[in-house]
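Reading the sequence shown from the start, the letters are residues 10 to 105 in my numbering.
Note sheet for the following structure.
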Amino acid sequence: MNNESHDQIRPLSDRKTSDRSMILLLVGCLLLTPPLAGIFQLDIRILGIPFTGFYLFAVWAGLIAGAAALARRIQKSADWDNPEDTQHQQDMDSTD
Numbered sequence: 010m011n012n013e014s015h016d017q018i019r020p021l022s023d024r025k026t027s028d029r030s031m032i033l034l035l036v037g038c039l040l041l042t043p044p045l046a047g048i049f050q051l052d053i054r055i056l057g058i059p060f061t062g063f064y065l066f067a068v069w070a071g072l073i074a075g076a077a078a079l080a081r082r083i084q085k086s087a088d089w090d091n092p093e094d095t096q097h098q099q100d101m102d103s104t105d
């Protein structure tokens, strides 16, 4: 593949990552709003934790996992911009 085709693919990838980060933000806001979180106020305990607390921490953990996945994708995109910097960083890491 030549460099010209990489330049045409990259903007679409960046837009997808940007869209995914916006979706993650909106879904997180939606799932943590009191009206929706109030639906999960049940008299159930999971591992001794009230279900509401379990729900909130599960959503929180899911948002962190989603943000970590997006951060890796953004890092790969940044590495793709400067492959020389990536090789230099790998050389520095191997000498430590």
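Built from N, CA and C at the ideal position, the CB exists for glycine as well.
Paired residues, beta bridge with residue i - DSSP
{"i": "residue 55", "result": "58"}
Alpha-carbon spacing of residue i relative to residue j, whole angstroms
{"i": "residue 24", "j": "residue 51", "result": "39 Å"}
{"i": "residue 53", "j": "residue 82", "result": "37 Å"}
{"i": "residue 78", "j": "residue 41", "result": "20 Å"}
{"i": "residue 65", "j": "residue 38", "result": "12 Å"}
{"i": "residue 56", "j": "residue 67", "result": "13 Å"}
{"i": "residue 61", "j": "residue 49", "result": "6 Å"}
Local Cβ density within 10 Å of residue i, reported as buried at 16 or more and exposed below that
{"i": "residue 86", "result": "exposed"}
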